[in-house]
Structures are given as C-alpha cells and as structure tokens.
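Participant: In terms of UniProt numbering, the sequence shown opens at residue 1 and continues consecutively.
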Amino acid sequence: MSLSSASTPRGAAPPAVLLAGRRMPLKVLATQTIRRAPPQQPAGGAAAVPGGVVTRMAQLVRAVSQPRLRRPLDMPVREPAAASLRPLTLPWPGRRQQEQDQQQREQQQQQSGGAASAPSTSGRGDALGAFDAWWAALPSRHKVLVGGFLSFIICNMDKVNMSVAIIPMAQEFGWSPSVAGLVQSSFFWGYILSQLPGGYLSSRHGGRRTLPAGVTMFSLATAAVPLLAGTVPGLCFSRAAVGLGEAIAPSAATDMVARIVPPEERSRAVSFVFAGLHFGSIVGLVASPWLIANVGWPSVFLSFGVAGLFWSSWFEGLMADLAKADPDIAAALTSDRLSAAPGGAAAEEALAGGGGHGAHAAGPLSGHVPWRAFLRSRGVQALMYTHFW
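#1: Taking DSSP as the reference, what is the three-state secondary structure of residue 138?
#2: With 16 other CB atoms within 10 Å as the buried threshold, where does residue 379 fall?
#3: Any chance you could list the alpha helix (DSSP H) runs of at least 4 consecutive residues sitting entirely within the stretch 265 to 331, in chain order?
#4: From the DSSP output, in three-state form, read off residue 377 for me.
#5: Using a Cβ-Cβ cutoff of less than 7 Å, which residues in the same chain neighbour residue 168 once the five nearest sequence positions on both sides are dropped?
#6: Excluding the 5 residues preceding and the 5 following residue 100 in the sequence, name in chain order all residues of the same chain whose CB lies nearer than 6 Å to its CB.
#7: If we call anything under 9 Å between Cβ atoms a contact, is residue 158 one with residue 242?
#8: List the endpoints of the continuous alpha helix (DSSP H) containing residue 245.
#9: What is the DSSP secondary structure of residue 397, counted as helix, strand or coil?
#10: Quick check: the stretch 167 to 181 against the stretch 313 to 321, are at least 3 beta-carbon pairs closer than 8 Å?
#11: Out of 198, 303 and 265, point me to the one whose CA is closest to residue 223's CA.
#12: Any contact of the stretch 215 to 235 with the stretch 271 to 287, i.e. 3+ C-beta pairs under 8 Å?
#13: Pick helix, strand or coil for residue 175, following the three-state DSSP scheme.
#14: Given this structure, state the Cα-to-Cα distance separating residue 255 from residue 332, to the nearest angstrom.
#15: Rounded to the nearest angstrom, what separates residue 270 and residue 207 at their Cα positions?
#16: With 16 as the cutoff for other CB atoms within 10 Å, does residue 149 come out buried or exposed?
#17: What is the rounded straight-line gap between the Cα of residue 139 and the Cα of residue 193?
#18: If contacts are defined as beta-carbon pairs under 8 Å, then residue 190 and residue 240 qualify, I think. What distance do you get, rounded to the angstrom?
#19: Under three-state DSSP, which class holds residue 186?
#20: Since residue 141 and residue 248 should fall inside the 8 Å C-beta cutoff, what is the C-beta to C-beta distance between them, to a whole number of angstroms?
#21: Exposed or buried, what is residue 178 when buried is set at 16 or more other beta-carbons lying within 10 Å of its beta-carbon?
#22: Would DSSP call residue 194 helix, strand or coil?
#23: Determine the closest residue to residue 233 out of 156, 107 and 183, with distance taken between C-alpha atoms.
#24: For residue 151, tell me which candidate among 196, 290 and 306 has the shortest Cα-Cα distance.
#25: Are residue 267 and residue 201 close, meaning C-beta to C-beta below 9 Å?
#26: So, are the CB atoms of residue 288 and residue 236 less than 9 Å apart?
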C-alpha cells in the first residue's frame, strides 16, 4: 500500500505529525507502523495483511486534518494581579499640594470627632447660621415690617379657609346653600363693625399693642370653629369674631409704619406688609384642601389658629428684644401720640438721621382731621378707585 498522498500539492511539504517532540513525516511514520505490526492470518487462507494498519492510518489522517488550537476552550483565563489594575497617574503641578490638603482635611475630621461626616446636618447648621447673621444685621424697623408681613399672611389664611372647608362641612351637617352663604357672610359682619374702632385704637394706643391683640382674637375664634360648628348661630359668632380681629390689622400695620419708618420709605414699607395678604390667600387656598383630604376639615381651623397664636408669642419676644437693642424704636411704637413718629420732632433725628425728608411735618399734631382735603386729594381718589373698583 503506497503512502504517497495524491492530495498533497506539488512543491508543498508532505504532511507530518509531532511525535515525542520530533517532527516526523506522515509517510515515514506509516511505514514504521506497517513494519512493526504483527501479521494476521485470514480465515480463508489468504495472504497475510498487516494488523491494524487501516485503523491507525485513519487515526493519523484525522489527527493531521483537524486544526490545532493554541489553548483549549475550557482552560481558565488567568486574571491579572490586583496591583496591575491600579490607574495610571501622571504627575501634574499642584498634585502634591492637593494630597497635603486632603490629608489635613482628614486629620481635621478625625480631631473634630466626625462632625463633618454628616453633610446634611452641617448644611442645615450653616443655613441657620447664615439666617441668624442676616436677621441680626437687619435694621430694627425692618424686623417690625417682617412681623407685620407674617401677620397679614395669617390674616388671609384664616379668611379664606372657610371658603374651602364649607363644602365638607355642609355635607356633614346637611346645610342648605342659604345656610352655607350665611356662614360665609358672617365674617364680614365683624369686619365692617371694627374698621373705624380699630383705626381709633391703633392711633391712640399704637399698632404695637393692637396688632397682637387682633391676631390673638381671630386666631382663638378660628380654632374654636370645630367646637361651635354644630350650631349655626355659634359658628356665625365665631366667624364674626374672626372678622373683628382681622379688621384691626390694616390700621395697626399702617400705624406702626407711620411711627418707625421715614417718609421716603413708607410707600415701600406699606406695600411689603400688605403683600402678605396675597401670600396668605395663596397659602390658605393651597393648604386647606390638602388638610381636608388627609386629616379632615377641623384640622384647617385648628392648625391656622395655632399658627396665629404662635405668631403673637413670637412678636412679643421680638418687641422685648427691640426694647433692649433699639430703645428709640420701642419708644416710638409704644407712644400714645404720633408726635414721636419719624415725621415728628421727637424721633426725626434718631430715625431719619436729622433733617431731610419729612422735616416739614415737625411740630405737635392737632386733633383736627381734614376730611374734605382728604376726599379732594387726587392720591386718595386714585387709591379709592383701585381699592373698590
């Protein structure tokens, strides 16, 4: 049997195998295999055929024809060492200084006992510290204006809460539309009655006294609504008391502005304080539905009433602090007459810096009110037009 393969192209190296580290041509290996194989006698007495030649030749041909792989597929891939995975860092200017700063910060954190490990707490502390510094640097008269602004927010919160809570209250108590309208209108009964008396009390005793009294009155009346809602007369009485207290607030605020704010700042001061009414309407109309849906309609009146009582306590503390820090402002707010206002002679130099704007109003004030001049004034007419129409 000839081993010269016809499939081998001319000029190419004959097929070979690697045996015991030696490259042996396939033809030579096959010849040696045939020579070493023991002869086998066929059953029919035919000529002897070398044993296993065909089988071994087939195995050699399959081994040569199959491509050899560099690495078996099941061989595990060797992972690189962890040290070789370190990111490549190149030196740049200032790198050493940054490392030193980082080390110093870590040392400071360790010395402070981990106080810097809570960024949210430290952030809130920084915000509170910044607010305290801003509040301490604020002029005394501006602090009073902020108090008036907050009181007006609470005023309109207590005013508009009934317009939202009347819906579940009418469903719970079975009120007709006429009864619901009567309850809502009762607020303005007291509001109309106390307009002029509130102005007189504010000018006589000062808005510093009348404003906290008014806020306390309508806050208590607001908090009493859930207790009196079972009877329509009692509910109307409580809402009328809310109107009585809130009617004092505008005259009290303008009285305080006239007492402590220089004339050139009064328009801005009044605008700022009265802007709290609109903020209060927004807050009341947004918060009331949420409270009704999640807690119930009584929570609206209780929470708003507590907010007013809290403001009264805070305002009294503010006035006590101002009496120590700025006696001139405290004296102007508690004076029984308006002659101590910045436009008067007593506090003009202390609050407005001597002469200047408003100095022409110096002198004692008479008790005569020029009503006819007021009504003929173009400014008063424009104000009446914008307010009523």
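Where a beta carbon is used, it is the ideal one built from N, C-alpha and C, also for glycine. Computed from a predicted structure; not experimentally measured.
Facilitator: A quick look at the data gives this:
#1: coil
#2: exposed
#3: 266 to 294 and 297 to 325
#4: coil
#5: 292 and 297
#6: none
#7: yes
#8: 232 to 260
#9: This structure gives no information on residue 397, because the portion of the chain shown stretches from 1 to 389.
#10: no
#11: 303
#12: no
#13: coil
#14: 11 Å
#15: 14 Å
#16: buried
#17: 36 Å
#18: 4 Å
#19: helix
#20: With a Cβ gap of about 21 Å, residue 141 and residue 248 do not count as contacting.
#21: exposed
#22: coil
#23: 183
#24: 306
#25: no
#26: no
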